[in-house]
Every structure is written in structure tokens, then in C-alpha cells.
Amino acid sequence: IMTDPEMADRTYIEPLTVEAVTKVIEKERPDAILPTVGGQTALNLAVALHEAGVLEEYGVTLIGANVEAIKLGEDRLLFRDAMKEIGLGTPASGLARSADEAMKIVKMTGFPAIIRPSFTMGGVGGGIAYNVEEFRELVDRGLEMSPVHEILIEESVIGWKEFELEVMRDVADNFVVICSIENIDPMGVHTGDSITVAPALTLTDKEYQRMRDAARRVINKVGVETGGSNIQFCVNPKDGRMLVIEMNPRVSRSSALASKATGFPIAKIAAKLALGYHLDEIPNDITRLTPASFEPTIDYVVTKIPRWNFEKFPQADRTLTTQMKSVGEAMSIGRTFKESFLKGVRSLELGKSGLLLTQPQDDEDDASLRKKLVVPNDRRMWALFKALERGWTVEQLHELTQIDPWFLEQFRQISELRRIAGMQEFRELSTDFLRTLKRAGFGDGEIAAIYGVPEASIRERRIEEKLVPAFKRIDTCAAEFESFTPYMYSTYERGDESNPNSKAKVIILGSGPNRIGQGLEFDYCCCHAAFALRDAGFETVMINCNPETVSTDYDTTDRLYFEPLTFEDVMSVIDRENTAGGDVSCLVQFGGQTPLKLSLALQAAGVRILGTSPDSIDLAEDRRRFAQLLWDLGIPQPASGTATSREEAREAAQKIGFPVVVRPSYVLGGRGMAIVYDMGTLDRYMTSAVDASPEHPVLIDKFVEDAFELDVDCVADETGAVVIGGIMEHIEEAGIHSGDSSCVVPPYLVAERHLATIRDYTRRIARALKVVGLMNAQYAIKDDVVYVLEVNPRASRTVPYLSKATGVPLAKMAALVMAGKTLSQLGLEDDLEVSGVFVKTPVFPFVRFPGVDTILGPEMKSTGEVMGGATTFGAAFAKAQQSVGQRLPEKGTAFISVNNDDKPNVLPIARNLAELGFQIVATRGTAAYLRAHGIPVEVVFKVNEGRPNIVDHILNNQVQILV
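In my numbering, the protein residues as written are 618 to 1580.
Written out as C-alpha cells, the structure reads:
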């Protein structure tokens, strides 16, 4: 959204480097730069521009926070000394710029020791060392990851309680606390990996006031005069001693959470403060009566639960430390902690495994359970409930986890309710007890699982007993003033505040928590759909539960429901909106797989789905039906089959011939997808894959090796007109997930006749599927034949990239088409053209998962993407590589080792490297080949040939490039 042209007067999609920003400054001559809303990347860049003399040369002022404030907040040693000056404690620590210095400091702090690199985000490169060996490894990584090659070594405060305050200050020294946040996990787990609640629930008022006063002294000392900051504290639960952990002199991940939790738009107000406004001069959008100097008051509980993707990285260490490992988060709101927490678990969309309350599996022994509780990991909450099922006490669990007993008691009460329910038959379930379960936050699915009945039975019973949720408003003032922005959450209490109206409305289902394969690209599409429909005169309603998104801003749509994306929660909103009369329809095409999975159930419940019908969506996903459709259209596809058992899979693979691609149906991001070369691997895969999508069969396709892969996005209307938004060529080889492959538009190496075939196939498939809205198709070209790999009649993750490359907002056009407009009415007659060359490159999280294999395959692993644009392919690709921080060495030693088939291909690369001044080293076979072709080369040993071998050279930093 941020890089949409209408968001600013001028927009540049360029690498965030000193060189690129200097060129923009030179051209635009700005008066000021605001770095405090762009996260750690923006702060680091602002400091680098200052140090390079660029700001001084062009007379540019930093607003929001000056360089001194940024350095004081980010430089660990300066911050520690500043805290000492104002009488606040920090953990004993020392700053090291080398391994030797680090060893001296750890003698003072002792073990366990916390390693925190300076100027990094999400704790990258940091961790907890329990012994000298771990310490040395973390020190080396931390020094390498810190842009200033500096780390703080800190005494351990593991087990202390962790709190955060989101605060703001203006030039007149007005100060407000927006929100207090408490981490359920104690110190030792990165706040982004901890379940957190707002407001803080286990602080006494006296402790909170002490913390508030300390926060004011911190922000004054650091010198943040205009904007927001996030300050982290820890409290010793034994004696109440309080220390300051760190401060971010910028808007952070927690600021986004605090904004959504309170309805107070922190970043928007921070920007106004940076321009010199005072807090009491900025009106509150929600109440329209109170100024921003009124501290928000909340009469509900907000819970944030992280979403991890460890299933994508089976070799990763699942231990949670000071380096963040989660890829997304869900937020939930309830009147009590129990209700808020269970809604949060439901929001994670973990399928059956997401029900904390399914029957406990008693095959795990107590020792293994104890280990899961002592060592923080992504499954600890599940282990905690398992322990409660076994009758472990709150005292025992507190000793093992150091989680505050108040939270453990809440979990015990949830477990007790589940136990009582489990002792009854469904026919014995009383209305009062059902109400008790619903008030505690239990979903219909969880209650159905406990009683062993279909979910529909619980819903029918609830509606019969008039047990439906009320919707309350988030208004920043605990209902003291009237609220003008309908921002709602559900609760099983009396008094509904939603006040729906009778206008024609479209309900847009969001994409839920970010995860690999379903990220902010889908939120972008949801927002664009909302903007377009609102402009077209519809009332727009958003349902989503992700605090990191623009779709959950209170002003993106006319009405916002912060709710889990389950059938139960979505239907509750639809039922409520229906009470006012007026036409209500639903958009499921923009939020990725999450809304699509609900489409058939919603349609069966009588909800009108706009755009492509759920049956067409199902046809594209159902491999047998789709294969038949392509056969009828005469469009080639790789041989394929489906299987629900090991025997069927063996049969299909035998018929198709290895290698085959296997994957579950109805999943995103290649979840559970693999390339299989033999029967043994296929058997092993079938054992694990059935878990990925038990209701749907496993798909088995012939793997088209050494092919060109391409992606196409198009928009179709109900008249059958189809406009192709763009054809993207993958740069990586076939077999790598499209989300992990760099791609280029327009295609760079594909013959025009193949592009014409792709356009023709795309149009015919879109018409056959009766697509109304967006469609994505993937193709492979092998031996002069164009094959269809798959088709998804929905928004894809390449829609934002193509929209930026073509300058046409595809998601907006698709939303209007779904609401009844035709493409010709929107002025779209021809396929879209691109002026220039645009390369999209993925961003990978491997730095957070040391020890994980970085080889790419059909299962997606990237967590983000960048775009580089230029007039030539080379320049665009280089920009994209710069943007992901991929800086290639310009001198040194290049090691080359390839198999015989690739030796002719590596020759020009080796020649270029030698001409650039690199020293070439190679293993014996490759070296002989290169020498024979006139390239100077030195021989190095393979691992089994003697020492020093190539691994020794790499470990000694004597090799800069590997080919």
C-alpha cells in the first residue's frame, strides 16, 4: 500500500541505500526526512545519511527524532549510561567490538548471557548463551549481523516479568501513555515471539505508576521530542525491582499492536507531532470531541498470539530466544482474558491442531512434557494445557515456566471447563453451561469437538436459545463519549453497539495472520477492493484479525469487525449486518486461501458470494474436475493423478512416471509440497501429507524438469472479456515455488509465439471457469510445448507487483467487475503494457534459522519481496538484489566446483570473474577443465582429499564467492 502512487505526491520504488536515497534527495530537495515510521531500516539509513554528510550538504532536517536521539536509543552503551544518569537501572552489561572484548565482559556478567547486536531489528543475530561454546558462536554471528559490528553482552534476567509502554511526547513536553502491554512469557523470549496482552494485567497500580514515571524520564532523556516510542521494562517478581531493557525511538511492531488495541492511530499522530503540532491540537477521529492528549482507556482485553512457520523449516531449532522467529501474529479482543485468549487461538488458523482443547494425547511421558514447559518453544502453550489435563498444579507450572500464576490460573479455569464438558453427553448440555462456555471464549468448533457432534449442531442450538454475540465498539474512551467509527469486536454479553444500517453493503474477508505463502500481498488486495467499492457507493465491511495490516485500520472500510476468520465468527457478523435489512454480499477472492476455504460453507448458509462462484473455485482446486476441463479445451497439462492413500499414490506415480510433484489440495505457499524421485520417498511423504489437508486428496503431477516457468494474472468480467495484467517469467529453474523465485516482467527470454499461446490459454480457461474478478495461471514451457501447471481463480501474491509495474490497480478493477461493472466500462480493453523492466525478488528468513538448509524447492520459504525497476534487465535485477541486501564481493577469491554437464556453462562465468580480478580456485576436475580453456586457476582439496581442504578455506574466510 505504502508504495501506491496515490499515497504520496511522488513515490520512488528504489533500494533503501545511501546512494539511492541521495539521488532522490538531490532531485527532490526536501526540507525534512521522517525516519521514525519506517522501522529499524529507516533509522539505520537516517544515521548513515547523516554520517555520509548528505543531510548537511543538502540542508535536510531529520524530524521525529534527531541523530543524537536515535543513537542514544539504539547504541546500547550510550543508552545504559543515560539510564544511569537519570537513576534508572539496566541489566549489568558491556559493549564489545571483538570476540576478545566479549570474553572479558562475560567474565563480569556470568552465564547465561544475553547477546544483543546494535542497530538490528527483531533481535537478529542475538541470543542466549548458557556456556562458552554457545557464547563464542553467538558473538561471531552478532558482530557479523550488526551494521556497526558491535554487540551488547548483558547479565541474564531470564524469568523476570516483561512489560512495554507505548508513549508519545510533543515539543511542549506533553506526554501520554497510549497503552501498557504485558508479555505472558517471561524475559528471555523476544517480545515478537511472546503472547502479549493489553492492558498489563498483573501490575499493581503503584508499580504501573512507577513504570509510567520511568518512561517519561526515559523519553525526555533520550530526546524524542516529537513522536512515539516503545520502552521495555522487566520486573523481578520476587522483590519488585524494575530495570529498563531497551527503548525504540520510533514506531515499532508493538506500536501497530497498540494502535489496533486502543483505536489511537500512533503513526498518524507521530507524523503530526514531528511537524510541530501539540498533542492537544490534534483531534481524536473516533470521538471527534477529545484531543490526542487524552490517554486512551480500554474496558476490554486484547491478546496477541504469534504465528510460527516451523513446518517450513524442519531442521530449525524451535527454541524461542531473544531473536524473533515468528512470521506473523493474530490479535483478538474480548471482555475477559479467557475470552480474548481463546478467540486468539481460533484466529491462528491452525486447523485441528489449533484447538488447544482437543482430546489430550497421553502417549507423551511426563519428562518430555516437562522439557517442553521449561524450554520456551512454539508448542509450549499446547504442552501447558496437556499438563493441566493431567492435573499438574498452577504452582508446579509456575516453577517450570516462570509464567505469572494469574495467567496460569486463567488457563486452569479454561481446562476445568473443558473437563466438565467432556464428562457430559451433548443432550445433557444446558443453556446456562453453553452460555458459560461461550462467555469463556470457546468456539462452536471446540465445543463440537468436546461433545463429539458436528459444529452445525452447536450453532443450531445457540440460535434456538438466542445465544448470539453482542458487538461492542473500540472507542479509546471506555464509552465515555460517543464513537463515530464503527470498529467492533464480539462478546457474549448484553448491549450491542454495532448499529448496522440498511445500505447495500459488501463484506470483505481479510487474510488473517501473516504466514509464509499468505502475507501482506493479500491484504493489499483486500484494501484496494475496499477503496474501490467505497468509491462506487457501497458500504464496506472488513472482517480480519491481523494487527499488522492496513485492512484493520479503522478508516480503511466503513465498518471494521476485529474477529477470527472462522465460519462461526464470520456468520455472526453477517447475521448482525443482515438485521438492518439492505443487500449484504461477501467478497472471498482477495484474502488468499483463508476466505476461499469458507466460500462453500458460506454459500450453503445462504450468503451471496460476489465474483467467481465457489463451484468454479472448487473446480480449479479439484484436480480430477480441472484435468477434465483442460482435456475438453484441448490444453496440454503434465500427466497427473490424485490419491487419498499410500496405495493410490503408488499406483498414480507408476502410471505417471518419476519424478513427480506431490502436494495437498487447498493449501497456499506450497505447504506440504515436494518433488519425489522414488517410491520410498513417496511412501514417507504420504504418511505426513495427509495431515496437510485431510478432507481433500493429495495431488500427484509429472514434474516438468528444466522448463521455463511463467505466471499470469488477469481480470475477467461477466461478459467473458479478459484483460491480461502481465506475463511474468521466473528467473529460477522449474521446481522452485513461484513465491521463492525472482521473476521479471515483461518476459525476457520467451518467444513471442509462446506468449501468444499463453494469452490464448488464459482467456479460454477464464471463460470456461466463468471467472468474474482475478485469476492467476502458472505455465511451463518444455520442448516447445506450453503446459498449464495450475490455475487459481483468486487474487495472487503477484497482484501488487504487477499493479506497480503497469500503473493499473488490478485489485480495484477486479472489485468493481465483481460488483457488476464490465471491463470496457472501466476503460480496460487491451492487455496491459509495461514501460521498462521490473524484477521481483524474494526475501528469506534464513538468518533467523541457523542450521536450516537454504536450498529452495516447491515449498515456499520466503517471507517478503522487493522490486527493482529500470530500463534494462541487468539494472533492474541489480536494484532488486541491492534491495534485499545482497551485496556481492568486488574482489577476493572465487571457488568453482561443478559437475561435468555444467562445465561448458560455467566457463564464461569463470572468465568474467578472472577478468574482474578475482583469484579462481577449483577442485581438481573443474580446475583441469578451466586450465584447458586458458583460465588461471589454483587447485584446492575436496573434503576427503587432505587438509587444508575447501571447507577449511571457507571457515577461514578465504573464499568470497562460491559457484
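The beta-carbon is built from N, C-alpha and C at its ideal position, and this holds for glycine as well.
When you compare each of the options to residue i by their alpha carbons, which one comes out closest?
i, options, result
"residue 1323", "1398, 1102, 928 and 1141", "1398"
"residue 960", "1256, 1552, 1187 and 630", "1187"
"residue 1252", "1219, 1383, 1175 and 885", "1383"
"residue 995", "652, 807 and 1529", "807"
"residue 602", "1411, 948, 756 and 1541", "The structure shown has nothing for residue 602, since the chain only spans 618 to 1580."
"residue 1522", "1131, 667, 1550 and 1508", "1550"
"residue 1501", "1508, 663 and 1485", "1485"
"residue 950", "1131, 1105 and 905", "1105"
"residue 1444", "1455, 1426, 1453 and 1460", "1426"
"residue 728", "772, 763 and 1131", "772"
"residue 588", "1013, 684 and 1242", "Because the chain spans 618 through 1580 in this model, residue 588 falls outside it and cannot be assessed."
"residue 1394", "1410, 660 and 1320", "1410"
"residue 1199", "1220, 1231, 1120 and 1242", "1120"
"residue 759", "716, 775, 788 and 782", "716"
"residue 1165", "1506, 1068, 884 and 1102", "884"
Is the beta carbon of residue i less than 8 Å from the beta carbon of residue j?
i, j, result
"residue 1367", "residue 1346", "yes"
"residue 1147", "residue 1173", "yes"
"residue 651", "residue 873", "no"
"residue 803", "residue 963", "no"
"residue 705", "residue 696", "no"
"residue 814", "residue 707", "no"
"residue 665", "residue 641", "no"
"residue 1163", "residue 1209", "no"
"residue 784", "residue 831", "no"
"residue 1454", "residue 1489", "yes"
"residue 938", "residue 1058", "no"
"residue 1228", "residue 1204", "yes"
"residue 901", "residue 777", "no"
"residue 1359", "residue 1459", "yes"
"residue 1171", "residue 1261", "no"
"residue 1343", "residue 1419", "yes"
"residue 871", "residue 781", "yes"
Residue i to residue j, Cα distance in whole Å?
i, j, result
"residue 628", "residue 618", "11 Å"
"residue 1258", "residue 1272", "9 Å"
"residue 898", "residue 888", "13 Å"
"residue 827", "residue 1572", "50 Å"
"residue 1309", "residue 917", "In this prediction, residue 1309 scores a pLDDT of 45, lower than 50, which makes its location untrustworthy; the coordinate-derived value is nonetheless stated afterwards. The straight-line gap from Cα to Cα measures roughly 35 Å."
"residue 1330", "residue 747", "51 Å"
"residue 701", "residue 1144", "46 Å"
"residue 1075", "residue 848", "44 Å"
"residue 1568", "residue 1577", "13 Å"
"residue 599", "residue 1513", "Any question about residue 599 goes unanswered here, given that the chain covers just 618 to 1580."
"residue 1071", "residue 1079", "13 Å"
"residue 1294", "residue 745", "40 Å"
"residue 794", "residue 839", "16 Å"
"residue 1099", "residue 1113", "14 Å"
"residue 862", "residue 737", "15 Å"
"residue 851", "residue 859", "6 Å"
"residue 1607", "residue 944", "In the structure displayed, the chain extends from 618 to 1580; residue 1607 sits before or after that span and is not available."
"residue 927", "residue 935", "7 Å"
"residue 895", "residue 908", "10 Å"
List the DSSP bridge partners of residue i.
i, result
"residue 1346", "1327 and 1361"
"residue 1104", "1177"
"residue 1583", "With the chain covering only 618 through 1580, there is no way to say anything about residue 1583."
"residue 908", "900"
"residue 1483", "1458"
"residue 1396", "1327 and 1405"
Open item on the list: Quick check: the segment 817–830 against the segment 789–807, are at least 3 beta-carbon pairs closer than 8 Å?
Closed with: yes
- [ ] Specify whether the segment 1472–1486 and the segment 1132–1150 touch according to this definition: at least 3 beta carbon pairs, one from each stretch, less than 8 Å apart.
- [x] yes
- [ ] For the segment 1141–1158 and the segment 1031–1043, state whether three or more C-beta atom pairs, one from each stretch, are separated by less than 8 Å.
- [x] no
Open item on the list: Using 8 Å as the cut-off, can you tell me whether the segment 1121–1128 makes contact with the segment 1188–1197, which would need three or more C-beta pairs spanning the two stretches below that distance?
Closed with: yes
TODO: Flag this pair as touching only if the segment 1535–1544 and the segment 1555–1565 have three or more C-beta atom pairs under 8 Å; answer yes or no.
DONE: With the cut-off at 8 Å, the segment 1535–1544 and the segment 1555–1565 touch.
Open item on the list: Quick test of the definition: if touching needs 3 or more C-beta pairs under 8 Å, does the segment 765–772 touch the segment 837–848?
Closed with: no
Open item on the list: When you compare the segment 1294–1305 with the segment 1347–1360, are there three or more beta-carbon pairs, one atom per stretch, that lie closer than 8 Å?
Closed with: no
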